[in-house]
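Residue numbers (our numbering): 3 to 224. For glycine and all other residues, C-beta sits at the position ideal for the given N, C-alpha and C. Predicted, not measured: the structure shown is a model, and the values here were computed from it. Single-structure report; data block below.
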């Protein structure tokens, strides 16, 4: 094997490793939790500047999600349910039973919480598997069955969000089902451009979170 062939082989191996990463998590019964890996920039180019920690557990009725965010500029001016929170600092979760989100048309729920504790929740239908084929139906926050909150700690450049996702959003589904999900963050570090990061990078430039083939799998332990 000459040097050129060896380099090409190494590049091919690296590409294979990057594209075949196993984004899966075994989610225990609460109060035991599991933590997801460090957030990666959406295009897969490296780790996010401002990191996000996600912990998960579940009970018979839903999934508990906790986001912990490093953020020196947690700005989001919106105050009402289903405002376009994604224009500013926000954490997001896209989630669905595997039977709904494994093939086109992909159907999943988009959830967002801002640093000030505002919620966005919508049912998404995605015909193309990317940001070009999305339609949504907004759900009333107060009757969604979701529980959510956020706490800011500006003195230490941190904020956190808590989200309880009930299985009642999907009638007939339960902890026994296999779930697909991805977790996202939008933030703008001081003096820098906006960054888009996630648990499972969607390999899109410009950024696009709506790529269900990159959702990871969640196994809810019984």
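Tell me whether the beta-carbon of residue 109 lies closer than 8 Å to the beta-carbon of residue 102.
Position 107 of the chain shown, counted from the start, is the residue given in the question as residue 109. Position 100 of the chain shown, counted from the start, is the residue given in the question as residue 102. Yes, these two residues count as a Cβ contact at 8 Å.
Apart from the five residues just before and just after residue 161, which ones in its own chain have a Cβ nearer than 7 Å to its Cβ?
To locate residue 161, count along the chain shown from 1; it is residue 159. Within the same chain, residue 161 has close Cβ partners 71, 73, 76, 117, 152, 153, 154 and 155.
Grouping DSSP H, G and I as helix and E and B as strand, with all else coil, what is residue 173?
Numbered from 1 along the chain shown, position 171 holds the residue referred to as residue 173. Correct three-state label for residue 173: coil.
Ends of the beta strand (DSSP E) at residue 163?
Taking the chain shown and counting its residues from 1, one reaches residue 163 at position 161. First-last of the beta strand (DSSP E) with residue 163: 160-168.
Using 8 Å as the cut-off, can you tell me whether the region 183-194 makes contact with the region 205-217, which would need three or more C-beta pairs spanning the two stretches below that distance?
yes
With a cut-off of 8 Å on the beta carbons, I'd call residue 67 and residue 95 a contact; round off their distance for me.
The sequence position of residue 67 within the chain shown is 65, counting from 1. The sequence position of residue 95 within the chain shown is 93, counting from 1. About 6 Å separates the two Cβ atoms, so the contact holds.
Suppose you measure from the CA of residue 53 to the CA of residue 41; what does that come to, to the nearest Å?
Here residue 53 refers to the residue found at position 51 when the chain shown is read from its first residue. Here residue 41 refers to the residue found at position 39 when the chain shown is read from its first residue. Roughly 6 Å between the two C-alpha positions.
Using the C-alpha atoms, what's the distance from residue 166 back to residue 177?
One-based indexing of the chain shown puts residue 177 at position 175. One-based indexing of the chain shown puts residue 166 at position 164. Looking at the two C-alpha atoms, the distance is approximately 14 Å.
What number of angstroms, rounded off, separates the C-alpha of residue 173 from the C-alpha of residue 199?
One-based indexing of the chain shown puts residue 173 at position 171. One-based indexing of the chain shown puts residue 199 at position 197. Residue 173 and residue 199 have their C-alpha atoms some 31 Å from each other.
Kindly give me the distance between the Cβ atoms of residue 125 and residue 212, rounded to whole angstroms, as I take these residues to be in contact under 8 Å.
The count along the chain shown starts at 1 and reaches residue 125 at position 123. The count along the chain shown starts at 1 and reaches residue 212 at position 210. Not quite, the Cβ-Cβ distance comes to about 13 Å (not below 8 Å), so this is no contact.
How far does the beta strand (DSSP E) with residue 137 in it reach, from first residue to last?
Here residue 137 refers to the residue found at position 135 of the chain shown. That run of the beta strand (DSSP E) goes 136-140.
Length of the line joining the Cα atoms of residue 163 and residue 113:
Against the chain shown, residue 163 aligns to sequence position 161. Against the chain shown, residue 113 aligns to sequence position 111. Rounded to the nearest angstrom, the two C-alpha atoms are 12 Å apart.
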